[in-house]
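What follows is a set of notes on a single structure, which appears directly below.
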Amino acid sequence: MRRSKGFTLIELLVAIAVMALLAIMSWRGLDGMARAEAQNRERGDAILTLQTALSQWGADLDATVALSRIRAIDWDGRVLRLTRRSTDGDTPRVYVVAWALRTDPATGTRWRRWQSPGFTTQADWQQAWERAAAWAQGSSNDAGDAEVDLLPMQEWQIYYFRNDAWGPAVSADALGTSTPLPDGVRLVINIPPGAALSGTITRDWVRPSVTVPKS
Numbered sequence: 002m003r004r005s006k007g008f009t010l011i012e013l014l015v016a017i018a019v020m021a022l023l024a025i026m027s028w029r030g031l032d033g034m035a036r037a038e039a040q041n042r043e044r045g046d047a048i049l050t051l052q053t054a055l056s057q058w059g060a061d062l063d064a065t066v067a068l069s070r071i072r073a074i075d076w077d078g079r080v081l082r083l084t085r086r087s088t089d090g091d092t093p094r095v096y097v098v099a100w101a102l103r104t105d106p107a108t109g110t111r112w113r114r115w116q117s118p119g120f121t122t123q124a125d126w127q128q129a130w131e132r133a134a135a136w137a138q139g140s141s142n143d144a145g146d147a148e149v150d151l152l153p154m155q156e157w158q159i160y161y162f163r164n165d166a167w168g169p170a171v172s173a174d175a176l177g178t179s180t181p182l183p184d185g186v187r188l189v190i191n192i193p194p195g196a197a198l199s200g201t202i203t204r205d206w207v208r209p210s211v212t213v214p215k216s
């Protein structure tokens, strides 16, 4: 008797097993590609956020002004406060800006920026200056104050460049209000592991009016 042509049961089972294995491998490959794409997107967003934050940091320092009986910059080990001018020439105003680390049970420790409304009097400056210090210690914002959550951060340090040397930033209380702005400000931030970006980043700012002596 002639055998009919076709697959045996064993051959069918082997073929089904091979197809299932190929399907699993294909799914894992697609899943790996999707994960890699998500990680790249997350890292790209983190880089963009960091670049934006550092750009704003530099813009705040560029716009810092030294006015009579008003502190231009102060670092107390927790918050950096700045007195900066408005970039709008039609409505000249002054703002107080603060940068600090704030910890929230839901989001952890993050780098944040605070800004007061614009003002034109010394009394308003004094109130804004004090509100910035209170904000860094955890107080809520007043009406008109603006706060921006930037990125996760483990710690940060500030250094000033004075007398041709870098040194730890000294508070305005120790220097006095008549002390000129530092020639440079060094920012050292430490982004914790587990974030899209991690590690230590250093950013140096040089006061625009500083001239480099010719050798």
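For the sequence shown, position 48 matches number 49 in my numbering, and the numbering has no gaps at all. By construction, the Cβ of each residue, glycine as well, lies at the ideal position given by its N, Cα and C atoms.
- Under DSSP, E148 shares a beta bridge with W115.
- Rounded to the nearest angstrom, the gap between the Cα atoms of S69 and R94 is 15 Å.
- Annotation for R132: the continuous alpha helix (DSSP H) segment containing it runs 123-137.
- Under DSSP, the beta-bridge partners assigned to V98 are L83, Q116.
- Distance from T108 to L102 at the Cβ level is roughly 12 Å; contact not present, criterion being Cβ atoms closer than 8 Å.
- Bridge partners of L23 according to DSSP: none are assigned.
- According to DSSP, P153 shares a beta bridge with R111.
- Annotated three-state conformation of V66 is coil, per DSSP.
- For A47, the three-state secondary structure derived from DSSP is helix.
- Counting along the chain, no beta strand (DSSP E) covers V171, and no H or E run does either.
- Taking a 10 Å sphere around the C-beta of L13, we find fewer than 16 other C-beta atoms and assign the residue as exposed.
- Looking at the DSSP output, N191 sits in a beta bridge with E156, T201.
- At the C-beta level, Q116 and V98 come within 8 Å of one another.
- Straight across, the Cα-Cα distance linking G78 with E148 is about 20 Å.
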